[in-house]
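Numbering (this note's numbering), first residue to last: 46 to 721.
Glycine included, every Cβ here is placed at the ideal spot set by N, Cα and C.
All figures in this text were calculated on a predicted structure; none of them were measured in a lab.
Working notes for the structure below.
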């Protein structure tokens with residue numbers, strides 16, 4: 046959780062892990078703990094294992110986990126070539142071989158100046174240096190792992206996990222790409238696995254039968270042709286078992302995190318490491334743990350098929366610490382889903398505490414469960430998007446009476462539309478809808494909210510969650526019928542709002558889609574659009590104006606369905622405020638799909654069949670049967686202003702107050718609802 050102080054476990058860490066243990070998790074595996082703290086650390090907030098002074102904090106954590114009936118496994122690490130603290134303290138980073146020059150770093154072009162500044166700030170202007178590990182270094186390293194295990198044993202831990210992946214020092218020795226040595230620790234797989242085997246034996250000797258010893262192993266290295274292969278990983282796993290390992294935990298490693306982060310260590314595809322874990326399972330007789338965006342149903346299937354023994358989850362338990370209890374008691378619809386947005390992961394790039402877009406309570410576990418209000422109020426929420434639904438959910442859970450108004454015929458607002466391009470968001474919408482309904486929230490759809498109609502409901506508090514407003518581009522041709530904003534497309538699909546400026550074809554399609562129910566099902570729209578969108582003349586050539594999160598996702602969506610897409614962005618960065626790892630992958634994917642990306646471009650004119658724009662002083666033109674405007678988004682809450690003038694207690698959440706998409710909507714709603 047990046048909360049430790051000088052290597053000592055912080056109460057916030059204990060609260061965090063205890064909440065997940067209380068939620069039914071069978072074993073808690075901590076994040077990285079430094080066996081040689083502060084040497085080999087990537088953060089000063091990382092837990093230390095190198096001195097006896099760290100034992101009391103570890104014991105407090107073990108006791109808290111054990112009180113719930115769960116077990117504690119402490120992950121033991123030396124970060125090798127990514128040990129940032131070694132650089133800050135003037136130590137060369139310990140590596141098997143001097144690292145090769147970095148590969149493709151083009152993803153950095155889509156980092157904002159603020160993000161680049163935060164990443165640079167934690168480096169304090171210092172550049173890493175490296176030292177090839179000597180035999181004395183390796184003996185010291187083996188001893189540090191063993192002594193660290195002894196301290197975990199003294200603290201009452203149940204297991205240790207030896208980290209041999211993610212470009213850390215042991216993983217570096219195992220990798221053909223990172224290890225160019227010619228001594229007995231380099232070359233063959235047996236030689237490259239030798240150091241980890243020595244660590245395993247030393248840890249087993251120190252811990253005896255008191256601790257289970259797990260090895261975290263990359264089942265594959267991504268991004269380079271000479272990275273660790275699945276066959277090599279399976280062979281190494283067998284060697285680790287022979288050395289005394291009690292279990293293997295299969296993960297993955299991206300050799301260039303900026304280019305391949307969503308391959309490893311945190312994949313974007315569900316069950317991404319299942320095949321590699323299966324290969325390891327066939328090579329060993331000890332238990333195998335599989336990680337890598339494991340949904341419950343995927344893990345259940347793998348276990349039932351004998352392809353793994355245990356399933357590990359990280360991000361999903363950040364989203365819902367009560368996951369296991371809910372699954373065990375059949376409350377699957379109540380599980381708050383991880384939407385794979387990488388907001389939590391991004392914070393690690395500048396050494397900050399993780400956030401969760403869908404779980405604002407992350408890091409605030411002591412506030413849960415919500416205290417029931419002693420003064421029940423009638424809260425009217427205007428807008429049924431993510432901010433409105435989260436406000437309704439939390440306020441109702443605290444005991445308030447909640448009424449939600451929305452002008453459209455469905456729940457979700459912009460979240461509903463985002464499910465078309467980002468199916469994971471549909472799981473969040475379903476959860477919010479289920480929870481608000483379960484808690485007794487009253488919904489009034491197809492209802493226009495004015496100051497008068499809202500006051501007629503006699504609310505004690507009004508929460509305005511009406512979302513952002515979207516303007517057409519102020520250029521010649523901006524009002525042509527083939528030019529659409531998010532608001533105009535929403536009006537076509539929901540029947541809410543004026544669509545008279547749209548073409549007869551689109552108005553007819555929208556009406557027919559509503560009559561047969563197609564426009565109410567994101568899944569049906571996604572499936573049918575893959576089959577038929579390419580046959581519609583309007584979708585042959587599409588220009589998307591604005592390359593932020595919405596524009597980039599829309600460009601991907603259309604290009605996947607056969608449209609020729611030009612994406613025009615007035616700035617340099619694409620995909621903002623999408624979290625960086627997801628952004629890097631989305632930009633790369635759009636390019637692979639053939640999207641013509643134009644950065645630092647200014648739209649000059651929209652014609653009936655083209656869009657004219659300038660880049661670097663040159664005027665260019667892109668064919669356009671349809672133009673979608675994904676820029677010009679701004680916060681606005683005129684209803685809140687009107688109600689405030691009338692003396693109503695009014696709050697504003699979500700994009701109506703500040704454009705920050707799902708994360709901002711959920712967090713602002715949570716804060717407001719917990720304060721009322």
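Cβ pair residue i, residue j closer than 7 Å
{"i": "residue 693", "j": "residue 507", "result": "yes"}
{"i": "residue 523", "j": "residue 517", "result": "yes"}
{"i": "residue 307", "j": "residue 621", "result": "no"}
{"i": "residue 395", "j": "residue 163", "result": "yes"}
{"i": "residue 252", "j": "residue 314", "result": "no"}
{"i": "residue 271", "j": "residue 318", "result": "no"}
{"i": "residue 466", "j": "residue 602", "result": "yes"}
{"i": "residue 590", "j": "residue 704", "result": "no"}
{"i": "residue 388", "j": "residue 624", "result": "yes"}
{"i": "residue 81", "j": "residue 189", "result": "yes"}
{"i": "residue 331", "j": "residue 276", "result": "no"}
{"i": "residue 650", "j": "residue 520", "result": "yes"}
{"i": "residue 471", "j": "residue 341", "result": "no"}
{"i": "residue 219", "j": "residue 230", "result": "no"}
{"i": "residue 75", "j": "residue 115", "result": "no"}
As assigned by DSSP and simplified to three states, the class of residue i
{"i": "residue 351", "result": "coil"}
{"i": "residue 105", "result": "helix"}
{"i": "residue 204", "result": "strand"}
{"i": "residue 72", "result": "strand"}
{"i": "residue 322", "result": "helix"}
{"i": "residue 357", "result": "coil"}
{"i": "residue 553", "result": "At residue 553 the pLDDT is 45, less than 50, meaning the model places this residue with poor confidence and gives no usable figure here."}
{"i": "residue 287", "result": "helix"}
{"i": "residue 262", "result": "strand"}
{"i": "residue 544", "result": "Its pLDDT being 49, under 50, residue 544 is placed unreliably by the model, and the measurement read from it follows with that caveat. Three-state DSSP puts residue 544 in coil, outside helix and strand."}
{"i": "residue 59", "result": "helix"}
{"i": "residue 271", "result": "coil"}
{"i": "residue 683", "result": "helix"}
{"i": "residue 641", "result": "strand"}
{"i": "residue 377", "result": "helix"}
{"i": "residue 671", "result": "strand"}
{"i": "residue 245", "result": "helix"}
{"i": "residue 698", "result": "coil"}
{"i": "residue 48", "result": "coil"}
{"i": "residue 649", "result": "strand"}
{"i": "residue 298", "result": "strand"}
{"i": "residue 178", "result": "coil"}
{"i": "residue 561", "result": "Reliability fails at residue 561, whose pLDDT of 45 lies under 50, so the model's placement of it is uncertain and the value that follows must be treated cautiously. In this structure, residue 561 counts as helix in the three-state DSSP scheme."}
{"i": "residue 719", "result": "helix"}
{"i": "residue 711", "result": "helix"}
CB-CB length for residue i against residue j, believed under 8 Å
{"i": "residue 137", "j": "residue 176", "result": "4 Å"}
{"i": "residue 47", "j": "residue 104", "result": "Contact doesn't hold; Cβ gap of about 21 Å is too wide."}
{"i": "residue 139", "j": "residue 178", "result": "5 Å"}
{"i": "residue 450", "j": "residue 492", "result": "5 Å"}
{"i": "residue 639", "j": "residue 604", "result": "6 Å"}
{"i": "residue 322", "j": "residue 298", "result": "Not quite, the Cβ-Cβ distance comes to about 14 Å (not below 8 Å), so this is no contact."}
{"i": "residue 78", "j": "residue 119", "result": "6 Å"}
{"i": "residue 337", "j": "residue 316", "result": "7 Å"}
{"i": "residue 400", "j": "residue 392", "result": "6 Å"}
{"i": "residue 293", "j": "residue 248", "result": "That belief does not hold up - the Cβ atoms of residue 293 and residue 248 are roughly 15 Å apart, past 8 Å."}
{"i": "residue 502", "j": "residue 453", "result": "That belief does not hold up - the Cβ atoms of residue 502 and residue 453 are roughly 19 Å apart, past 8 Å."}
{"i": "residue 700", "j": "residue 402", "result": "About 14 Å; that fails the 8 Å criterion."}
{"i": "residue 382", "j": "residue 364", "result": "6 Å"}
{"i": "residue 107", "j": "residue 200", "result": "5 Å"}
{"i": "residue 668", "j": "residue 676", "result": "That pair is no contact at about 20 Å."}
Beta bridge counterpart(s) of residue i as assigned by DSSP
{"i": "residue 155", "result": "For residue 155, which the question treats as bridged, DSSP gives no partner whatsoever."}
{"i": "residue 663", "result": "660"}
{"i": "residue 338", "result": "Residue 338 pairs with nothing; no bridge assigned."}
{"i": "residue 197", "result": "Per DSSP, none; premise fails for residue 197."}
{"i": "residue 93", "result": "79"}
{"i": "residue 655", "result": "668"}
{"i": "residue 209", "result": "262"}
{"i": "residue 723", "result": "Given that the chain is displayed from residue 46 to residue 721, the structure contains no residue 723 and the question cannot be resolved."}
{"i": "residue 292", "result": "259"}
Cβ-heavy atom distance, residue i to the ligand FAD, below 6 Å
{"i": "residue 530", "result": "This structure lacks the ligand FAD, and indeed carries no ligand of any kind."}
What runs of the alpha helix (DSSP H), each 4 residues or longer, lie entirely inside the stretch 570-632? The stretch 570-632 contains these whole alpha helix (DSSP H) runs: 594-605.
Give the list of continuous alpha helix (DSSP H) stretches no shorter than 4 residues that lie fully inside the stretch 99-146. Within the stretch 99-146, the complete alpha helix (DSSP H) runs of at least 4 residues are 100-111, 129-133.
4-residue-minimum alpha helix (DSSP H) runs that sit fully inside the stretch 480-525, ordered along the chain: As far as the stretch 480-525 is concerned, its whole alpha helix (DSSP H) runs of at least 4 residues are 496-500.
To test your reading of the DSSP string, which unbroken beta strand (DSSP E) runs of 3 or more residues are found completely within the stretch 380-465? As for any beta strand (DSSP E) of minimum length 3 sitting wholly inside the stretch 380-465, the runs are 423-427, 446-450, ordered along the chain.
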